[in-house]
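Input: a single structure, listed below in structure tokens.
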Amino acid sequence: MPRPPAPVKGVYQREDDPSGNWYARFRIDGKLVKKSFGADRAAAVRYVEKARTLRQTGEGHIPRSAKGTPKTAREMEAFTANSSVLVAELCDDLLRYIQSKPTVYKDQRNPPYRIGLIRAKFGDRPAASIRPYEIADWLDGMDKAPATINRYKVTFSSLYRYGKQRDKVSVNPAREVSQHKLNNAVIRFLKPDEEKRLRAVLQNAVDACGPQNEQRRKRLLHRIYELDIAIGTGMRKGEQYGLLWSDIDFDLRVITLRDTKNGSSRTVPMIDDVFRAFKALKKLSLERKDRATDRPNNSPENVVFGIGDNKKWWEAALRDAKIKNFRWHDLRHTFCSRLAQAGVSLKVIQEAAGHKTIAMSARYAHMDHTTLKNAMSVLNRTT
């Protein structure tokens, strides 16, 4: 009977894994990295011993996740020297792909913009020479919200992921960059007085538009309907502005969202306010315009909304209404919060908002201070 191999620190089999797979693990900068090697124990031994050697010598590249591969300094130099693919090429490849798939990438404005900034910063560098810490330093230097920084990180990772599919790179350095922590503890929702001021700003703009400029008046009305639909459906921004008229069933009064964040389709009922808003939009029949002669909108035909991004008018309206620290996404919070305050069950809120788990819906089981104060007044002692 052959003698079992001598144990190697960091190479092991899990007792709860009946497949008998071998695993390797080591620590780098306090972080535990674990990787599965199936039945190949020798590969697990080579992996962990190489990582341990590189850690001791301080030369080469040690991955911070199981997706990376330990490389010696010589291997890194050889790989970089043999790679002529620039980051600019990865950017151009992904940009062409996004623009060729407008039904998949419904946001044809922000991803290309982020790709352009990455190209401007790293475009002339060999793609294989970019290190995770360089990406992290660049992201950390941005004066932007954590969620926005994370979107840049995702775009950076997409460049390399698409490049790997086309055999242009073998390593994705962005995968080893940590996401910025989001502060989701405080949920912002639109208060009644804020909504009143916001609607007044939008309506005043319509009223001030003379009959000689009918096209502008239509676009100002369009903004009111955008707001009505956002508050009345709780759709995500990408879901709302990616709608096609074929997704709207006026007979059944439902909206079909075919490509949601969770990867599944769902239907959203239309309340009266939303139904009227869609009817009004249909009557306006605005078409999306090119942003510039060299920047076509690339939107699919039959889109519902006459714009693909509302950032410009939305920020101006908030400013005029004197509403601070409020994003378009907070209208989704408003939708969920109002359902919760009306006593709607968490399960119904989950279905209405398309939350993947009920725990996400539970965040909205809160009340504003006035409602909470009134509810707690029952605890007052009577005299």
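Numbering-wise (this note's numbering), the sequence shown opens with residue 24 and increments by one. Where is the CB? At the ideal position from N, CA and C, for every residue including glycine. None of these values were measured; they are calculated from a predicted model.
Straight-line gap, residue i to residue j (C-alpha atoms, nearest Å)
i: E249; j: K334; result: 12 Å
i: D274; j: F298; result: 10 Å
i: V371; j: H356; result: 15 Å
i: A228; j: A339; result: 12 Å
i: M165; j: H203; result: 12 Å
i: E38; j: G61; result: 14 Å
i: S193; j: T92; result: 10 Å
i: K347; j: R222; result: 15 Å
i: L402; j: F358; result: 29 Å
i: L410; j: F49; result: The structure shown does not extend to residue 410, since the chain spans only 24 to 406, so no value can be given for it.
i: A300; j: D216; result: 22 Å
i: E98; j: S152; result: 12 Å
i: V177; j: S288; result: 23 Å
i: V209; j: F328; result: 31 Å
i: I271; j: D40; result: 49 Å
i: L341; j: I247; result: 13 Å
i: G139; j: G366; result: 46 Å
Close beta carbons around residue i, own chain, < 8 Å, minus the five adjacent residues each side
i: S201; result: A159
i: D332; result: D130, R132, N133, Y264
i: Q36; result: G43, N44, W45, Y46
i: P135; result: L118, I121, Q122
8 Å contact criterion, which residue i and residue j should meet: CB distance rounded
i: R220; j: A344; result: 4 Å
i: L280; j: L182; result: Contact flag wrong, Cβ pair sits at about 28 Å.
i: G255; j: D282; result: Not a contact, Cβ separation roughly 21 Å.
i: V142; j: A111; result: Sequence check: residue 142 is Arg here, not Val. About 5 Å; that satisfies the 8 Å criterion.
i: P169; j: L205; result: 5 Å
i: W336; j: W351; result: Actually they do not touch by this definition, with Cβ atoms about 11 Å apart.
i: R211; j: D353; result: 5 Å
Close-in-space but distant-in-sequence residues of the same chain around residue i (CB under 6 Å, 5 per side omitted)
i: V34; result: A47, A67, V68, V71
i: K58; result: A47, A89
i: V31; result: V68
i: K191; result: V108
i: H378; result: S384
i: L113; result: A150, L182, G186
i: K94; result: G83, H84
Residues near residue i by beta carbon distance below 7 Å, same chain, minus five either side
i: K241; result: L307, L309
i: V127; result: none
i: N325; result: L267, W268, S269
i: A375; result: G257, L362
i: S180; result: N195, A197, R198
| query | Do the region 183-203 and the region 74-90 make contact, defined as three or more Cβ pairs closer than 8 Å? | reply | Between the region 183-203 and the region 74-90 there are three or more inter-stretch CB-CB distances shorter than 8 Å, so the stretches are counted as touching.
| message | Ignoring anything shorter than 3 residues, give me the beta strand (DSSP E) runs that lie fully in the region 29-101, in order along the chain. | response | Listed in chain order, they are 34-36, 45-51, 54-59.
| query | What are the complete alpha helix (DSSP H) segments, minimum 4 residues, inside the region 334-370? | reply | Every alpha helix (DSSP H) of 4 residues or more that sits fully in the region 334-370 is shown, in chain order, as 334-343, 353-364.
| query | On the three-pair Cβ rule with 8 Å, is the region 109-123 touching the region 223-237? | reply | By the Cβ criterion, the region 109-123 is not in contact with the region 223-237, since fewer than three pairs of Cβ atoms, one from each stretch, lie closer than 8 Å.
| request: Would you list, in sequence order, the uninterrupted alpha helix (DSSP H) runs of no fewer than 4 residues that lie entirely inside the region 200-251? | output: Complete alpha helix (DSSP H) runs here, min 4: 215-231.
| Minimum length 4: unbroken alpha helix (DSSP H) runs contained in the region 132-182 | Restricting attention to alpha helix (DSSP H) runs no shorter than 4 residues, the region 132-182 encloses them at 133-145, 155-163, ordered along the chain.
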